[in-house]
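Report on the structure given below.
Number of protein chains: 2
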Amino acid sequence: MIGRLNHVAIAVRDLAAASEVYRTTLGAEVSAPEALPEHGVTVVFVTLPNTKIELLEPLGAESPIARFLERNPDGGIHHVCYEVDDIRAARDRLVRNGARVLGSGEPKIGAHGKPVLFLHPKDFLGTLVELEQA
Amino acid sequence: MIGRLNHVAIAVRDLAAASEVYRTTLGAEVSAPEALPEHGVTVVFVTLPNTKIELLEPLGAESPIARFLERNPDGGIHHVCYEVDDIRAARDRLVRNGARVLGSGEPKIGAHGKPVLFLHPKDFLGTLVELEQA
Chain V
1 MIGRLNHVAI AVRDLAAASE VYRTTLGAEV SAPEALPEHG VTVVFVTLPN
51 TKIELLEPLG AESPIARFLE RNPDGGIHHV CYEVDDIRAA RDRLVRNGAR
101 VLGSGEPKIG AHGKPVLFLH PKDFLGTLVE LEQA
Chain W
1 MIGRLNHVAI AVRDLAAASE VYRTTLGAEV SAPEALPEHG VTVVFVTLPN
51 TKIELLEPLG AESPIARFLE RNPDGGIHHV CYEVDDIRAA RDRLVRNGAR
101 VLGSGEPKIG AHGKPVLFLH PKDFLGTLVE LEQA
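As they're listed, the protein sequences go chains V and W.
105 is the number that UniProt numbering gives to position 105 of the first sequence; each next residue is one higher, with no gaps.
69 is the number that UniProt numbering gives to position 69 of the second sequence; each next residue is one higher, with no gaps.
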């Protein structure tokens, strides 16, 4: 069912400093920051040959990554995102297998303009998993 | 400098149960378990079209992931591994930029039979980073 690893998301406190780590220290291609107020984050994309890393900084009082950064003040890997062909079929299979989908269970439009769902970390080896319809 | 994302490593308590989550619930291709006593882990590989996920279970009393699992009893993402062309040149660049390499600073032969280094999470946004010579 799952296809490509779309991205690995790393939550950071300071996006400018984090971009510099990836650009200068690790020598990767890093995009300009993009504010996504409807998702409560500002994001930069690190382009690797086979996938991408997303660096996320909290934006606004309701940012979904604010609590994660309270628990992980240095930052840390926040989630992985796998692509699926049909997000509703994927959800139905997951629910049949006893996995919990976060929120209402209905796909929302994610940061790339495509339908996404988040799965409960307790059902996926302590890892927050995002599914994105490819 | 960094190239492909070679893998994302997830530490788990129970490799059989974790394999089942990826095989049955997420519908991915999962390899048979492989014991790597010299690395203190048993590993399975989840093959995705563009990269792989490695599920790691502690093996032996000195496993490098045992403490991580004490802090994260459900499991969790342990590290990401980026490929580099020349691991010593990569290390020298990192050290020049003020980043800390774990251990002796000399590459060791990693789980894929290739030279690897681990970088200090405090210097990389709270993320343990492995570099592997491609």
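Heads up, the beta-carbon is just placed ideally off N, CA and C, and yes, glycines get one too.
Check                                                                                                                                            : Outcome
Chain-ordered residues of the segment 5-17 of chain V with a beta carbon less than 7 Å from chain W                                              : 5, 8, 10, 12
Collapsed DSSP secondary structure at residue 25 of chain W in the structure displayed                                                           : helix
Amino acids of chain C, ordered along the chain, whose beta-carbon sits closer than 7 Å to that of residue 47 of chain W                         : No chain C appears in this structure, whose protein chains are V and W.
Interface residues of the segment 111-125 of chain V facing chain W [CB-CB below 8 Å]                                                            : 121, 122, 123, 124, 125
Option nearest residue 74 of chain W by Cα separation, candidates W/56, W/82, W/89                                                               : W/56
Contacts around residue 62 of chain V, its chain only, beta-carbon distance under 7 Å, and the 5 residues preceding and following it disregarded : 40
Beta strand (DSSP E) runs wholly inside the UniProt domain "VOC" (4-134) of chain W, at least 3 long, in chain order                             : 5-11, 34-36, 41-47, 52-58, 76-84, 115-119, 129-133
Residue 96 of chain V, buried or exposed, once every other Cβ within 10 Å from all chains shown has been counted against 16                      : exposed
Contact list for residue 66 of chain W against chain V, beta-carbon separation under 7 Å                                                         : Result: empty, since nearest Cβ-Cβ is about 15 Å, beyond 7 Å.
Residue 43 of chain W vs residue 22 of chain W beta-carbon contact at 7 Å                                                                        : no
Closest by C-alpha distance to residue 94 of chain W, when choosing among W/33, W/34, W/130                                                      : W/130
Alpha-carbon to alpha-carbon, residue 106 of chain W and residue 113 of chain V                                                                  : 44 Å
Within 7 Å, strictly: CB atoms of residue 132 of chain W and residue 3 of chain W                                                                : no
Expected contact under 8 Å - CB spacing of residue 85 of chain W and residue 134 of chain W to nearest Å                                         : 6 Å
Any chain W beta carbon closer than 7 Å to residue 87 of chain V                                                                                 : no
Neighbour flag for residue 42 of chain V against chain W, beta carbons, 7 Å                                                                      : no
Where residue 30 of chain W meets chain V, residues with beta-carbon distance less than 8 Å                                                      : In chain order: nothing, as chain V lies at least about 11 Å away.
Chain V within 7 Å of residue 76 of chain W, Cβ atoms only                                                                                       : yes
Residue-level contact to chain V via CB, residue 69 of chain W, 7 Å cutoff                                                                       : no
Backbone CA spacing between residue 108 of chain V and residue 124 of chain V [nearest angstrom]                                                 : 20 Å
Minimum C-alpha distance to residue 28 of chain V - residue among W/33, W/1, W/51                                                                : W/1
Through-space distance from residue 35 of chain W to residue 68 of chain V, alpha-carbon basis                                                   : 33 Å
Presumed contact (8 Å Cβ cut-off) between residue 78 of chain W and residue 11 of chain W, rounded CB distance                                   : 4 Å
Inter-residue Cα distance where the pair is residue 53 of chain V and residue 111 of chain W                                                     : 23 Å
Assumed close pair residue 50 of chain V, residue 5 of chain W - CB separation to whole angstroms, cut-off 8 Å                                   : 6 Å
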